[in-house]
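Numbering of the sequence shown is given in our numbering, commencing with residue 74 and proceeding in unit increments.
In what follows, a single structure is set out as structure tokens and then discussed.
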Amino acid sequence: MTTPVRLFSWHFLAPRYWPVWLGLGAMKGMAALPFRWQLLAGRQIGRWAGKIMRRRRRIAAINLALCFPELSSAQRADLLEEHFAALGIGLFETAMAWWAPDERLYGLARVEGTQYLEQAMARGKGVILLTGHFTTLELGARFITWRHSFHAMYRSHKNSLYEAVMRRERERRSRLPPLPHEDLRGLLRAFKRGRAVWYAPDQNHGLRNSVFVPFFGVPTCTITATSRLAALSGAAVVPYFPRRLSGTAGYEVTILPALENFPSGDVASDTQRINELLEHHIRQAPAQYLWVHRRFKTQPPGSPRIYPL
Numbered sequence: 074m075t076t077p078v079r080l081f082s083w084h085f086l087a088p089r090y091w092p093v094w095l096g097l098g099a100m101k102g103m104a105a106l107p108f109r110w111q112l113l114a115g116r117q118i119g120r121w122a123g124k125i126m127r128r129r130r131r132i133a134a135i136n137l138a139l140c141f142p143e144l145s146s147a148q149r150a151d152l153l154e155e156h157f158a159a160l161g162i163g164l165f166e167t168a169m170a171w172w173a174p175d176e177r178l179y180g181l182a183r184v185e186g187t188q189y190l191e192q193a194m195a196r197g198k199g200v201i202l203l204t205g206h207f208t209t210l211e212l213g214a215r216f217i218t219w220r221h222s223f224h225a226m227y228r229s230h231k232n233s234l235y236e237a238v239m240r241r242e243r244e245r246r247s248r249l250p251p252l253p254h255e256d257l258r259g260l261l262r263a264f265k266r267g268r269a270v271w272y273a274p275d276q277n278h279g280l281r282n283s284v285f286v287p288f289f290g291v292p293t294c295t296i297t298a299t300s301r302l303a304a305l306s307g308a309a310v311v312p313y314f315p316r317r318l319s320g321t322a323g324y325e326v327t328i329l330p331a332l333e334n335f336p337s338g339d340v341a342s343d344t345q346r347i348n349e350l351l352e353h354h355i356r357q358a359p360a361q362y363l364w365v366h367r368r369f370k371t372q373p374p375g376s377p378r379i380y381p382l
């Protein structure tokens, strides 16, 4: 298992980390604000960021045009604005996930389908908690910890201080250490012990261990790890999806039954099945998906570039 990074280190007192400390301090203060204020401030911050983050705005606009061709230009423009508002709110949601006490959060969330997670855990072979990269990602995971501890799979962050804080807070919240994507032995040990592992396979990891399968009708380079991990470990795949409700109604987390006949023996078919599942739930709250990621960056040989940036 991975060893948590030490947070309080002389290394992190260097001037280059001061802006990160200021940002983390601001986030901790954000977590203490009333929920209504968080929504209002988050929307404004997100919309302001959308005006200055021109490269990310272009990426998101391209993604929306590819995935929602049935929408008019005006409808996609509105969706783009709502997406950046959701990103701004996501800052507050991450702050709440890391630092808000449970007592403040209990009234904000409704978790449905907990019996499916209980049934899968009872098998004793571990569970892959499958979800996608939504703006509510951190907070949705926090709500799941009310039912079960889990390991969170992660990719290393470029800023070592931010990664140290992220790992510490995730471990404190989920009560088990996070696991890096490349630690296959650690993952298999976790499943052997009957533990749950949080996993979101919907980002571009390049051609290695990936196949091209449709995602919103676009051939998309998609990692096959969900199928391969399930085959190696015998772990059940239990999807769950968080969603922020309208106004100040809070959040809903939907846990689905463990996938049947998974893995099927056909890795490409399994991977496409995951993409179809993600797409279905993204369409229920499209503004809350992470459209600023270059999901379609890797293309089949000879194909034109998706992002001319």
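Heads up, the beta-carbon is just placed ideally off N, CA and C, and yes, glycines get one too.
Item, Value
"Where Thr-209 falls: helix, strand or coil (DSSP)", "coil"
"Check whether Pro-142 and Phe-285 have beta carbons under 9 Å apart", "no"
"Beta-carbon spacing of Ala-358, Phe-207 below 9 Å", "yes"
"Counted within 10 angstroms of its Cβ, other Cβ atoms place Arg-116 as buried (16 or more) or exposed", "buried"
"Limits of the alpha helix (DSSP H) - the one that Phe-165 falls within", "146–172"
"Other residues of its chain near Phe-216: CB distance less than 6 Å, five sequence neighbours each side excluded", "Ala-182, Val-184 and Val-326"
"Opening and closing residue of the beta strand (DSSP E) in which Pro-373 lies", "Pro-373 -> no beta strand (DSSP E), and no H or E assigned at all."
"Three-way DSSP call (helix, strand, coil) for Arg-223 in this model", "What sits at residue 223 in the sequence shown is Phe, not Arg. The answer is coil: DSSP assigns Phe-223 none of H, G, I, E or B."
"Reference Ala-322, options Gly-163, Asn-348, Phe-108 and Tyr-227, closest by Cα", "Phe-108"
"Euclidean distance between Cα positions of Cys-294 and Phe-223", "27 Å"
"Backbone secondary structure at Arg-109 - three-state DSSP", "helix"
"Pair within 9 Å by beta-carbon distance, Ile-201 and Val-311", "yes"
"Three-state class that DSSP yields for Tyr-272 in the structure shown", "strand"
"Between the CA atoms of Leu-329 and Ala-159 - distance to the nearest angstrom", "24 Å"
"Best match in Lys-370, Tyr-380, Ala-308 and Ala-173 for proximity to Gly-197 [C-alpha to C-alpha]", "Ala-308"
"Secondary structure of Pro-88, DSSP reduced to three states", "helix"
"Residues of its chain near Ala-263, where Cβ-Cβ distance is below 6 Å and the 5 sequence neighbours each way are ignored", "His-224 and Val-270"
"Opposing strand residues paired with Arg-316 [DSSP bridges]", "Glu-325"
"Boundaries (first-last residue) of the alpha helix (DSSP H) holding Ala-193", "187–195"
"Residue closest to Leu-280, alpha-carbon to alpha-carbon, out of Ala-273, Ser-300 and Phe-369", "Phe-369"
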